[in-house]
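For the sequence shown, our numbering assigns the number 229 to the initial residue and increments by one for each residue that follows.
Beta carbons are placed, not taken as given, at the ideal position from N, Cα and C, and that holds for glycine.
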Amino acid sequence: AQIDIKEGDVEKAKKALTEATVVVVFDATGSMEDFANETAKSIGAAVNSLPAHVVEKSRMGFVFYRDAGDTEKLVAVPPIPVAEAAQALGEAAGLMTGGGDVAEPLLDATYYAAHIYDWSAGKGGAKQTQGRRILIGVLNEDAHPATTGTLDDKGRIPAGLDVNSIA
């Protein structure tokens with residue numbers, strides 16, 4: 229697992245993240261544990277390089293997803309201060325198990341993050357509505373090409389949607 233930060237990326241991130249909520253859609257199966265730990269370290273380093281006012285006004289949430297047949301298919305972590313995100317992802321990495329079978333429903337989780345996730349939720353129930361919304365999907369190459377409709381037990385995710393339909 230490797231994350232490359234190119235020259236100018238930090239400056240672009242500073243501008244984009246001021247008063248932003250970033251939601252990361254993350255495969256939470258066992259094969260992703262090492263990558264989650266590396267990503268947590270990268271998030272920590274990135275946060276440390278940001279100005280204090282950006283860190284103070286930015287939040288990060290997670291939508292962790294697993295196989296459609298798993299008991300716990302999806303866990304949504306409400307937005308937390310971006311300074312706490314690395315620790316939250318590192319803790320989640322220790323809980324990642326399973327996988328090794330058909331591809332997990334990434335697009336279902338992405339649909340959930342884009343259309344169902346409560347972006348305005350805050351720590352302690354505080355609502356926050358200002359700022360930019362940024363959705364990041366972490367996937368592997370064998371992702372389903374369309375939603376399966378099987379990730380959400382409440383039936384809120386339609387089957388058959390491709391990336392453009394979700395966007």
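Legend entry - Anticipated Cβ contact below 8 angstroms, valine 310 with methionine 288, distance rounded: Translated into the one-based positions of the sequence shown, residue 310 becomes position 82. Translated into the one-based positions of the sequence shown, residue 288 becomes position 60. Right, the Cβ-Cβ distance comes to about 5 angstroms (below 8 angstroms), so this counts as a contact.
Legend entry - Endpoints, the alpha helix (DSSP H) within which aspartate 336 is located: Here the question's residue 336 lines up with position 108 in the sequence shown. Looking at the DSSP string, the run of the alpha helix (DSSP H) that includes aspartate 336 is 334-343.
Legend entry - Residue(s) in a DSSP beta bridge with methionine 288: Locating residue 288 in the sequence shown gives position 60, where the first residue counts as 1. Beta-bridge pairing links methionine 288 to Val250 and Ile308.
Inset, instruction - For alanine 314, decide whether its Cβ has a neighbour in chain C, counting only Cβ atoms nearer than 8 angstroms. - result: The structure shown contains no chain C; it is built from a single protein chain.
Legend entry - DSSP three-state assignment for glycine 365, whether helix, strand or coil: In the sequence shown, the residue the question calls residue 365 occupies position 137. Strand at glycine 365.
Legend entry - Closest by C-alpha distance to glycine 359, when choosing among Phe292, Ile271, Glu235 and Thr249: Here residue 359 corresponds to residue number 131 of the sequence shown, with the count starting at 1. With distances taken between Cα atoms, glycine 359 lies closest to Thr249.
Legend entry - DSSP-derived helix/strand/coil call for valine 330: Along the sequence shown, read from residue 1 onward, the residue named residue 330 stands at position 102. In the structure shown, valine 330 sits in coil (DSSP, three-state: anything other than H, G, I, E or B).
Inset, instruction - Below 7 angstroms CB to CB, which residues in the same chain sit around isoleucine 271 once its five sequence neighbours on both sides are set aside? - result: The residue labelled residue 271 in the question sits at position 43 within the sequence shown. Ala313, Ala314 and Leu317.
Inset, instruction - Return the CA-CA distance between tryptophan 347 and arginine 361, expressed in angstroms with no decimal places. - result: Sequence index remark: in the sequence shown, residue 347 carries index 119 (1-based). Sequence index remark: in the sequence shown, residue 361 carries index 133 (1-based). If you take the alpha carbons of tryptophan 347 and arginine 361, they lie about 8 angstroms apart.
Inset, instruction - Reducing DSSP to helix, strand and coil, say where aspartate 298 ends up. - result: In the sequence shown, the residue the question calls residue 298 occupies position 70. Coil.
Inset, instruction - Measure the C-alpha to C-alpha separation of alanine 320 and serine 286 and round it to an integer number of angstroms. - result: What you label residue 320 is simply residue 92 of the sequence shown in a count that begins at 1. What you label residue 286 is simply residue 58 of the sequence shown in a count that begins at 1. Spanning the two alpha carbons is a distance of roughly 20 angstroms.
Inset, instruction - Quick one: residues in its chain with C-beta nearer than 6 angstroms to the C-beta of lysine 301, no 5 flanking neighbours on either side, listed in chain order? - result: Stepping through the sequence shown from its first residue, residue 301 is reached at position 73. Around lysine 301: Arg294 and Leu379.
Inset, instruction - Starting from the C-beta of aspartate 381, find all residues in its chain whose C-beta is less than 8 angstroms away, skip the five residues before and the five after it, and write them out in chain order. - result: As a first step, residue 381 must be located in the sequence shown, where it is residue number 153. Result list for aspartate 381: Lys301, in chain order.
Inset, instruction - Please classify aspartate 232: does DSSP put it in a helix, a strand, or coil? - result: Translated into positions along the sequence shown, residue 232 becomes position 4. The answer is coil: DSSP assigns aspartate 232 none of H, G, I, E or B.
Inset, instruction - Report the rounded CA-to-CA distance for proline 333 versus glycine 388, giving the unit in angstroms. - result: The residue labelled residue 333 in the question sits at position 105 within the sequence shown. The residue labelled residue 388 in the question sits at position 160 within the sequence shown. Between proline 333 and glycine 388, the C-alpha separation is close to 11 angstroms.
Inset, instruction - Have a look at Leu278, Gly297 and Val305 and flag the residue whose alpha-carbon is nearest the alpha-carbon of valine 238. - result: Counting from 1 along the sequence shown, the entry for residue 238 is found at position 10. Here the closest residue by C-alpha is Leu278.
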